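Asks: I have a structure here, written as structure tokens, and I will follow up with some questions on it.
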Amino acid sequence: MNIALIGYGKMGKEIEAIATARNHTIGLKLDSSNTIANADLSNLDVAIDFSTPNSAVDNIKACLSVKLPIIVGTTGWMDNFEEVKNTCISTQSALFYASNFSLGVNIMFNMNGKLARLMNPHALYNVSIEEIHHTEKIDSPSGTAISLAEGITNNLDAKSKWVNQVTTDEGTISILSRREGNVPGTHSVVYESSVDSIEIKHTAKGRAGFAIGAVVAAEWLQGKQGVFTMADLLKN
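Counting from 239, one number per residue, gives the positions in the sequence shown under this note's numbering.
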């Protein structure tokens, strides 16, 4: 594949290394000083976006407008998801979005939903989420933490919403966000009672896991139309 990298920071460079090792080429590199507005998107097979929340929607629309399939790992833009989805459908193009491309995190998503269902009869437990990322991460909470919270609210009757702070509201999940050092990403879901606690946790050891997932998604997306997620990729 001939790939456009939108966002050429640490993740972009990691994706470049993985992609070239898998015999793909990087035909275009875009960053804050070289934006998509003036880019030539012809002769490309797919775009991979790890940019910023403020630029993601424009990047996606630009790619979809020329039917360039796009993989989006940028988070913090989901308020515009329905608009982007409709654009993808109307242009008959392809969009693959994930809040986290790590295989391990997506296994955790599956475990998280099942655990939430199991906890329905056990009101003595209260659930909370903690996420830790590097100090350069812009959005808070992380997209992964939001996905975990939604996995709980969709399956645990006692919780209907989340907030990015400590709360005593019984129907609300607390998400605690910490930014420190160069942490790639750590996410914990904890069910706490007066007698014990239950925890599921994922700790990323580096960016390679995210990069591999993004490149595999780009390979998988070839020849498809529509909006897809990691759930679609992993069920095949």
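Heads up, the beta-carbon is just placed ideally off N, CA and C, and yes, glycines get one too.
Source: prediction; values computed, not measured.
How would you call residue 275, buried or exposed, if buried means at least 16 neighbouring beta carbons within 10 angstroms?
Replies: Label assigned to residue 275: exposed.
Asks: Thinking residue 284 and residue 239 are a contact (beta carbons under 8 Å), I'd like their distance in whole angstroms, please.
Replies: Right, their Cβ atoms sit about 6 Å apart.
Asks: Which residues share a DSSP beta bridge with residue 466?
Replies: The partner list for residue 466 (beta bridge, DSSP) reads 334.
Asks: Any chance you could list the beta strand (DSSP E) runs of at least 3 consecutive residues sitting entirely within the stretch 334–407, in chain order?
Replies: Those beta strand (DSSP E) runs which fall completely within the stretch 334–407 and span 3+ residues are 364–371, 399–401.
Asks: Express the C-alpha separation of residue 469 and residue 391 in angstroms, rounding to a whole number.
Replies: Distance between the alpha carbons of residue 391 and residue 469: 18 Å.
Asks: Taking the beta strand (DSSP E) that residue 259 falls in, what are its first and last residues?
Replies: Taken as a continuous stretch (DSSP letters only), residue 259 belongs to no beta strand (DSSP E), being part of the alpha helix (DSSP H) at 248–259.
Asks: Of the choices 411, 270, 334, whose alpha-carbon is the least far from that of residue 387?
Replies: That would be 411, whose Cα lies nearest to the Cα of residue 387.
Asks: Nearest-angstrom Cα distance between residue 433 and residue 426?
Replies: Answer to the nearest angstrom: the Cα atoms are 19 Å apart.
Asks: Looking only at C-alpha atoms, which of 361, 259, 369 sits nearest to residue 403?
Replies: With distances taken between Cα atoms, residue 403 lies closest to 369.
Asks: Nearest by alpha-carbon distance to residue 430: which of 445, 360, 441 is it?
Replies: Of the listed residues, the one whose Cα sits closest to residue 430 is 360.
Asks: Indicate whether residue 288 and residue 265 have their beta-carbon atoms separated by less than 8 Å.
Replies: Taking 8 Å as the Cβ cut-off, residue 288 and residue 265 do not qualify as a contacting pair.
Asks: Closest by CA to residue 318, which one among 396, 309, 298, 406?
Replies: Ranking the options by Cα distance to residue 318, first place goes to 298.
Asks: Within 10 angstroms of the Cβ of residue 397, are there 16 or more other Cβ atoms? Answer buried if so, exposed if not.
Replies: So residue 397 ends up on the buried side.
Asks: Relative to the alpha-carbon of residue 281, which residue among 294, 307, 270 has its alpha-carbon at the smallest distance?
Replies: Comparing Cα-Cα distances from residue 281 to each of 294, 307, 270, the minimum goes to 307.
Asks: Three or more beta-carbon pairs under 8 Å between the stretch 447–455 and the stretch 319–327, yes or no?
Replies: As far as the Cβ criterion goes, the stretch 447–455 does not touch the stretch 319–327, which means the pair count is below three.
Asks: Could you say which of 279, 313, 364 lies nearest to residue 293 if we only look at CA atoms?
Replies: Checked all of 279, 313, 364; the closest Cα to residue 293 is 313.
Asks: For residue 450, I'd like the list of residues in its chain whose CB is within less than 6 Å of its CB, leaving aside the five on either flank, ordered along the chain.
Replies: Cβ within range, chain order: 256.
Asks: Between 271, 399, 421, 262, which has its C-alpha nearest residue 413's C-alpha?
Replies: Selected option, being the one with the closest Cα: 399.
Asks: Determine the closest residue to residue 372 out of 420, 253, 291, 363, with distance taken between C-alpha atoms.
Replies: If we check each option's Cα against that of residue 372, 420 comes out closest.
Asks: On the criterion of 16 or more Cβ atoms from any shown chain inside 10 Å, does residue 356 qualify as buried, or is it exposed?
Replies: Result: exposed.
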